[in-house]
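K.L.:
In terms of UniProt numbering, the sequence shown opens at residue 1 and continues consecutively.
Using N, Cα and C, we set each Cβ at its ideal position, and we do this for glycine too.
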Amino acid sequence: MSIMTASRGFIPGRLTAPLWRRAAPLQPGGVRSLRAQTSDLNLQSVTAEPGKLKTIDDLPGPSLATTVYWLFVKGYADKSHAMQVEHKRLYGPIWRSRFGPFDVVNVATPELISQVIRQEGRYPVRTALPHWKEYRDMRGHAYGLHVDTGPEWYRMRSALNPKMLKLQEAAAYAPIIHGVVTDLLQRLELLRLRSPDRNTVNDLAPELYKFGFEGISSILFEARLGCLKEEIPTDTLRFIHAVNSMLTLSESVLFFPRWTRNIFPFWTQFVQAWDDLISVAKRLIDQKVKQMEEQVQRGEEVMGMYLTYLLTSNKLSLAEVYITITELLLGGVDTTSNTMSWTLYHLARNPEIQNRLYQEVVSVCPDKQLPTTEHLSRMPFLKATIKETLRIYPVVPGNGRLTSENEVIVDNYWFPKETQFHLCHYATSHDENEFPDPEHFVPDRWLRGEPSHSQHHPYSSIPFGVGVRACVGKRVAELEMYFALSRLMQHYEVHPVDGSPAVQPKTRTLLIPSKPINLRFIPRA
Numbered sequence: 001m002s003i004m005t006a007s008r009g010f011i012p013g014r015l016t017a018p019l020w021r022r023a024a025p026l027q028p029g030g031v032r033s034l035r036a037q038t039s040d041l042n043l044q045s046v047t048a049e050p051g052k053l054k055t056i057d058d059l060p061g062p063s064l065a066t067t068v069y070w071l072f073v074k075g076y077a078d079k080s081h082a083m084q085v086e087h088k089r090l091y092g093p094i095w096r097s098r099f100g101p102f103d104v105v106n107v108a109t110p111e112l113i114s115q116v117i118r119q120e121g122r123y124p125v126r127t128a129l130p131h132w133k134e135y136r137d138m139r140g141h142a143y144g145l146h147v148d149t150g151p152e153w154y155r156m157r158s159a160l161n162p163k164m165l166k167l168q169e170a171a172a173y174a175p176i177i178h179g180v181v182t183d184l185l186q187r188l189e190l191l192r193l194r195s196p197d198r199n200t201v202n203d204l205a206p207e208l209y210k211f212g213f214e215g216i217s218s219i220l221f222e223a224r225l226g227c228l229k230e231e232i233p234t235d236t237l238r239f240i241h242a243v244n245s246m247l248t249l250s251e252s253v254l255f256f257p258r259w260t261r262n263i264f265p266f267w268t269q270f271v272q273a274w275d276d277l278i279s280v281a282k283r284l285i286d287q288k289v290k291q292m293e294e295q296v297q298r299g300e301e302v303m304g305m306y307l308t309y310l311l312t313s314n315k316l317s318l319a320e321v322y323i324t325i326t327e328l329l330l331g332g333v334d335t336t337s338n339t340m341s342w343t344l345y346h347l348a349r350n351p352e353i354q355n356r357l358y359q360e361v362v363s364v365c366p367d368k369q370l371p372t373t374e375h376l377s378r379m380p381f382l383k384a385t386i387k388e389t390l391r392i393y394p395v396v397p398g399n400g401r402l403t404s405e406n407e408v409i410v411d412n413y414w415f416p417k418e419t420q421f422h423l424c425h426y427a428t429s430h431d432e433n434e435f436p437d438p439e440h441f442v443p444d445r446w447l448r449g450e451p452s453h454s455q456h457h458p459y460s461s462i463p464f465g466v467g468v469r470a471c472v473g474k475r476v477a478e479l480e481m482y483f484a485l486s487r488l489m490q491h492y493e494v495h496p497v498d499g500s501p502a503v504q505p506k507t508r509t510l511l512i513p514s515k516p517i518n519l520r521f522i523p524r525a
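Structure below.
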């Protein structure tokens with residue numbers, strides 16, 4: 001199926017309104033619909049008197065010297081996920097961290113996380129990104145989802161949601177995803193046949209990163225970028241490099257004060273990475289705009305999918321489309337690639353679990369039949385396998401909330417507006433009280449009726465977030481992982497390389513493998 005075909009078309013006449021026209025601001029009455037998914041959260045303003053409660057100054061936590069010791073002497077600089085667990089053990093479920101310009105309240109139980117979320121207001125803010133805002137101002141770009149706040153943020157988010165978060169809408173992307181999965185299978189087959197034993201794929205993660213990049217780009221830009229080809233196009237390589245550079249440099253730029261920008265190269269490199277990102281994204285989007293305008297001039301019906309929807313809806317300006325599509329790309333690659341890497345790593349080391357997954361897949365889709373979204377509804381163990389991977393390795397081990405609208409009470413502490421909270425997802429998803437034997441890979445803990453099923457708090461593992469700030473690409477990421485994993489099981493039995501060591505996670509903003517994952521892919525009969 002062509003990328004330009006879809007279950008729903010767009011009327012050419014809708015393109016007569018200028019694509020650059022800015023949509024009207026959201027009216028206050030529209031907030032309720034987006035919050036329907038979290039209607040259980042009773043959003044109330046804080047009414048308790050602050051004097052009767054403890055404050056941030058009463059919280060335990062490490063001193064600056066202790067934090068430096070943990071990071072650079074005890075070696076937790078790339079293990080901040082594990083430091084969550086240790087600090088929770090030392091200081092309890094809520095503590096304060098101060099380092100450089102950061103003053104953060106950490107919460108590390110599902111109940112405390114839910115208390116923060118319940119009071120986050122109509123327009124929650126994850127964390128301040130002043131360096132992103134500074135770049136946008138310098139270049140005259142729109143702010144986008146990660147910089148804009150309040151009603152303007154919500155207006156943009158409301159425009160992006162319908163074709164992403166509704167399962168029936170996301171299902172329309174299945175043919176595109178399958179095309180990318182086919183390319184992944186061909187790439188893995190090529191790599192394994194090149195190996196000395198004609199079975200081994202070394203350093204699997206970069207290949208899955210290319211798969212994730214190609215998959216989300218195919219949906220967002222309605223164009224294939226060639227990430228899985230033998231010779232990757234130059235513009236695509238520049239795009240991939242820019243994504244990696246920007247995310248890597250973002251922490252450094254945020255940490256160092258502005259007066260150091262003429263001393264260290266981080267800011268210049270950060271700006272260059274963003275320039276490259278916007279340049280490639282703009283070229284792809286402009287290419288689509290031109291194609292659509294030519295179709296209108298010929299009197300043809302304009303057909304397409306996500307980008308076409310955004311360009312024809314007139315809910316976003318063209319400048320906002322440039323930046324929001326780029327931001328969606330940034331958040332849509334690592335979820336798929338990292339989760340798939342860890343899933344295959346554990347399946348290779350747990351042949352019983354792998355065989356059970358294989359039997360489920362072939363019972364629903366025999367003879368290597370392409371799975372559909374309806375088939376996926378009959379694969380509970382497949383979904384449980386991905387859930388368990390995301391529990392052990394949440395892609396983002398911690399998330400932020402800035403209390404921009406309300407004063408809040410968490411536990412028996414009162415916090416003013418502009419308090420930065422760190423939601424310690426890694427610590428909660430590795431809590432023995434929530435998940436017995438938490439370091440072990442047990443997909444059954446997600447299946448009711450199984451002996452290993454865990455009764456756990458709904459906020460104990462929320463890898464895609466929750467509420468109005470939940471990941472907009474959740475449905476697409478899940479489809480990518482479900483389709484890729486089920487088809488890999490149809491074609492290969494996965495084994496570890498003999499003598500390969502265990503791979504531990506490390507934190508590089510995201511939770512990634514600390515060393516290459518090498519696996520053997522044995523073709524199934």
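Tell me which same chain residues have a C-beta within less than 8 Å of the C-beta of residue 185, skipping the five on either side of it?
P.N.:
Along the sequence shown, read from residue 1 onward, the residue named residue 185 stands at position 185. For residue 185, where only same-chain residues beyond five positions count, the Cβ hits under 8 Å are 487, 488, 491.
K.L.:
Thinking C-alpha only, which one of 286, 293, 336, 297 is nearest residue 319?
P.N.:
As a working note, residue 319 is residue 319 in the sequence shown. Closest by alpha carbon: 286.
K.L.:
Name the two residues that bound the continuous alpha helix (DSSP H) containing residue 338.
P.N.:
The residue given as residue 338 occupies position 338 in the sequence shown. Counting along the chain, the alpha helix (DSSP H) containing residue 338 begins and ends at 334 to 349.
K.L.:
For the alpha helix (DSSP H) holding residue 467, just list the boundary residues, first then last.
P.N.:
Mapped onto the sequence shown, residue 467 falls at position 467. First-last for residue 467: undefined, no H or E at that position.
K.L.:
Given this structure, state the Cα-to-Cα distance separating residue 204 from residue 417, to the nearest angstrom.
P.N.:
What you label residue 204 is simply residue 204 of the sequence shown in a count that begins at 1. What you label residue 417 is simply residue 417 of the sequence shown in a count that begins at 1. Approximately 44 Å between the Cα atoms of the pair.
K.L.:
How is residue 105 classed by DSSP in three states: helix, strand or coil?
P.N.:
The sequence position of residue 105 within the sequence shown is 105, counting from 1. Reduced to three states, the DSSP call for residue 105 is strand.
K.L.:
So is residue 215 buried or exposed if we call it buried at 16+ other beta carbons inside 10 Å?
P.N.:
In the sequence shown, residue 215 corresponds to position 215, counting from 1. It is buried - the Cβ of residue 215 has at least 16 other Cβ atoms within 10 Å.
K.L.:
Specify the secondary structure class of residue 494 as computed by DSSP and reduced to three states.
P.N.:
To locate residue 494, count along the sequence shown from 1; it is residue 494. In the structure shown, residue 494 sits in a strand (DSSP, three-state: E or B).
K.L.:
So residue 519 and residue 393 are in contact, right, with Cβ under 8 Å, and what is the actual spacing, rounded?
P.N.:
As a working mapping, residue 519 is identified with position 519 in the sequence shown. As a working mapping, residue 393 is identified with position 393 in the sequence shown. Incorrect: roughly 16 Å between the Cβ atoms, too far for contact.
K.L.:
Within 10 angstroms of the Cβ of residue 493, are there 16 or more other Cβ atoms? Answer buried if so, exposed if not.
P.N.:
Numbered from its first residue, the sequence shown carries residue 493 at position 493. Flag for residue 493 reads buried.
K.L.:
Within its chain, find whatever has a CB closer than 6 Å to the CB of residue 110; leave out the 5 residues flanking it on each side and keep chain order.
P.N.:
Locating residue 110 in the sequence shown gives position 110, counting from the first residue. Closer than 6 Å at Cβ, skipping near neighbours: 428, 457, 459, 460.
K.L.:
If you drop the 5 nearest sequence neighbours on each side, which residues of the same chain put their C-beta closer than 8 Å to that of residue 382?
P.N.:
For the purposes of this step, residue 382 is identified with residue 382 of the sequence shown, where counting begins at 1. These residues qualify, in order along the chain: 357, 360, 361, 376, 482, 485, 486.
K.L.:
Can you give me the C-alpha to C-alpha distance between residue 22 and residue 398, rounded to a whole angstrom?
P.N.:
The residue labelled residue 22 in the question sits at position 22 within the sequence shown. The residue labelled residue 398 in the question sits at position 398 within the sequence shown. Here residue 22 scores only 32 on pLDDT, less than 50, and its place in the model is too uncertain to base an answer on.
K.L.:
Counting only the same chain and skipping the five closest in sequence on each side, list residues whose C-beta sits under 6 Å from that of residue 191.
P.N.:
Counted from its first residue, the sequence shown places residue 191 at position 191. 201, listed in sequence order.
K.L.:
Can you tell me where the beta strand (DSSP E) with residue 97 in it begins and where it stops?
P.N.:
Taking the first residue of the sequence shown as position 1, residue 97 is located at position 97. Segment 94 to 99, the beta strand (DSSP E) holding residue 97.
K.L.:
Using only the alpha-carbon positions, how far apart do residue 120 and residue 92 sit?
P.N.:
Walking along the sequence shown from the start, residue 120 turns up at place 120. Walking along the sequence shown from the start, residue 92 turns up at place 92. So the two alpha carbons sit approximately 23 Å from each other.
K.L.:
According to DSSP, is residue 399 part of a helix, a strand, or is it coil?
P.N.:
Sequence index remark: in the sequence shown, residue 399 carries index 399 (1-based). Note: residue 399 maps to strand in three-state DSSP.
K.L.:
Assign residue 445 to buried or exposed, taking buried as 16 or more other Cβ atoms, counted over all protein chains shown, within 10 Å of its Cβ.
P.N.:
On the sequence shown, position 445 is the one that residue 445 refers to. With 16 or more other Cβ atoms within 10 Å, it is buried.
K.L.:
Are three or more beta carbon pairs between the segment 161 to 181 and the segment 332 to 348 nearer than 8 Å?
P.N.:
The segment 161 to 181, when compared against the segment 332 to 348, does not touch it at the 8 Å Cβ threshold.
K.L.:
Given a threshold of 16 other Cβ atoms within 10 Å of its Cβ, counted over all protein chains shown, does residue 69 qualify as buried or as exposed?
P.N.:
Counted from its first residue, the sequence shown places residue 69 at position 69. Flag for residue 69 reads exposed.
K.L.:
Once you ignore the five residues that flank residue 350 on each side, which residues in its own chain have a CB closer than 8 Å to its CB?
P.N.:
On the sequence shown, residue 350 is found 350 positions in, with the first residue counted as 1. Only 441 meet the Cβ criterion.
K.L.:
Along the chain, where does the alpha helix (DSSP H) containing residue 110 start, and where does it finish?
P.N.:
Position 110 of the sequence shown, counting from 1, holds the residue named residue 110. Taken as a continuous stretch (DSSP letters only), the alpha helix (DSSP H) holding residue 110 covers 110 to 118.
K.L.:
What's the gap between the Cα of residue 94 and the Cα of residue 105?
P.N.:
The count along the sequence shown starts at 1 and reaches residue 94 at position 94. The count along the sequence shown starts at 1 and reaches residue 105 at position 105. Their Cα atoms are separated by approximately 7 Å.
K.L.:
Any idea which residues DSSP pairs residue 361 with across the strands?
P.N.:
For the purposes of this step, residue 361 is taken as the residue at position 361 of the sequence shown. Answer is none; residue 361 lacks a bridge partner.
K.L.:
Which same chain residues, not among the five before or five after residue 100, have their C-beta less than 8 Å away from its C-beta?
P.N.:
The residue given as residue 100 occupies position 100 in the sequence shown. 255.
K.L.:
I'd like to check one pair, residue 323 with residue 87: are the Cβ atoms closer than 8 Å?
P.N.:
For this step, residue 87 is matched to residue 87 along the sequence shown. For this step, residue 323 is matched to residue 323 along the sequence shown. The answer is no: Cβ separation not under 8 Å.
K.L.:
For a test of your reading of the model: does the CB of residue 498 fall under 7 Å from any non-hydrogen atom of the ligand COA? Yes or no.
P.N.:
What this structure holds is no ligand at all, so the ligand COA is not there to describe.
K.L.:
Nearest to residue 372 by alpha carbon, out of 178, 114, 166?
P.N.:
The residue labelled residue 372 in the question sits at position 372 within the sequence shown. Comparing Cα-Cα distances from residue 372 to each of 178, 114, 166, the minimum goes to 178.
K.L.:
Can you tell me the Cα-Cα spacing of residue 386 and residue 343, whole angstroms?
P.N.:
Indexing the sequence shown from 1 puts residue 386 at position 386. Indexing the sequence shown from 1 puts residue 343 at position 343. C-alpha separation (whole angstroms): 7 Å.
K.L.:
Would you be able to state if there are at least three C-beta pairs under 8 Å between the segment 268 to 278 and the segment 133 to 150?
P.N.:
With a cut-off of 8 Å, the segment 268 to 278 and the segment 133 to 150 count as touching, because enough Cβ pairs lie within range.
K.L.:
Taking DSSP as the reference, what is the three-state secondary structure of residue 409?
P.N.:
Residue numbering aside, residue 409 sits at position 409 when the sequence shown is read from its first letter. It is a strand residue.
K.L.:
Comparing C-alpha positions only, which one of 433, 346, 248 sits nearest to residue 501?
P.N.:
Position 501 of the sequence shown, counted from the start, is the residue given in the question as residue 501. It is 346 whose Cα lies nearest to the Cα of residue 501.
K.L.:
Would you grab the beta carbon distance between residue 116 and residue 421 for me? Rounded to a whole angstrom, and I think it's under 8 Å.
P.N.:
Here residue 116 is taken as the residue at index 116 of the sequence shown, counted from 1. Here residue 421 is taken as the residue at index 421 of the sequence shown, counted from 1. Contact flag correct, Cβ pair sits at about 5 Å.
K.L.:
Nearest by alpha-carbon distance to residue 139: which of 279, 290, 262, 306 is it?
P.N.:
Taking the first residue of the sequence shown as 1, we reach residue 139 at position 139. For the residues 279, 290, 262, 306, the minimum Cα distance to residue 139 belongs to 279.
K.L.:
With burial defined as no fewer than 16 other Cβ atoms inside 10 Å of the residue's Cβ, what is the status of residue 515: buried or exposed?
P.N.:
As a position in the sequence shown, residue 515 is number 515, starting the count at 1. Residue 515 comes out exposed.
K.L.:
Is there contact between the segment 288 to 308 and the segment 239 to 251, where contact requires at least three CB pairs shorter than 8 Å?
P.N.:
As far as the Cβ criterion goes, the segment 288 to 308 does not touch the segment 239 to 251, which means the pair count is below three.
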